[in-house]
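>
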Amino acid sequence: MSEPIIELQNVNIYQGQNLVLQEVDLTVNKGEFVYLVGKTGTGKSSLLKTLYGELSLKEGTGTVAGFSLKGLDWKKVPFLRRNLGVVFQDFQLLTD
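Using this note's numbering, the first residue of the sequence shown is number 1287, and each one after it goes up by one.
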């Protein structure tokens, strides 16, 4: 079995003071390809922002590419992001 590249346990995700996602458990192993889909306003962007260090992890435990998300120093965020590949919805990777 591959080692987890992303692991969240009992994570609550906030946008400001608003609880957006509650009690999230997620494991993504090295080499897996993952899609995140859902309706508008369901917390997809908040989850991704937490994974790449844009939002702070306040409750629960999480690691991404060996970096602990809880209390992650903003100076380490660029090093975390160098280990991730994120393609955004409006990136226009392909032409119409």
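Just so it is clear, CB atoms sit at the ideal spot from N, CA and C, and this is done for glycine as well.
Can you give the Cα-Cα distance for E1318 and L1312, rounded to whole angstroms?
When rounded, the distance between both Cα atoms is 13 Å.
> Three or more beta-carbon pairs under 8 Å between the stretch 1357-1372 and the stretch 1332-1347, yes or no?
With the cut-off at 8 Å, the stretch 1357-1372 and the stretch 1332-1347 touch.
> Report yes if the C-beta distance between V1310 and N1298 is below 9 Å; otherwise report no.
Yes; because the gap between Cβ atoms is below 9 Å, this pair is in contact.
> Where do the ends of the beta strand (DSSP E) carrying T1313 lie?
Here the beta strand (DSSP E) through T1313 covers N1304 to N1315.
> Look at the Cβ atom of T1347, then the Cβ atom of L1305, and state whether they are nearer than 9 Å.
No; because the gap between Cβ atoms is not below 9 Å, this pair is not in contact.
> In terms of DSSP beta bridges, what is N1369 paired with?
Looking at the DSSP assignment, N1369 forms no beta bridge with any residue, so it has no partner.
> Is L1343 helix, strand or coil when you go by DSSP?
Strand.
> What residues match up with S1354 in a beta bridge as DSSP calls it?
In DSSP, S1354 forms a bridge with T1349.
> What does DSSP give as the partner residues of I1299 in its beta bridges?
I1299 pairs with L1307.
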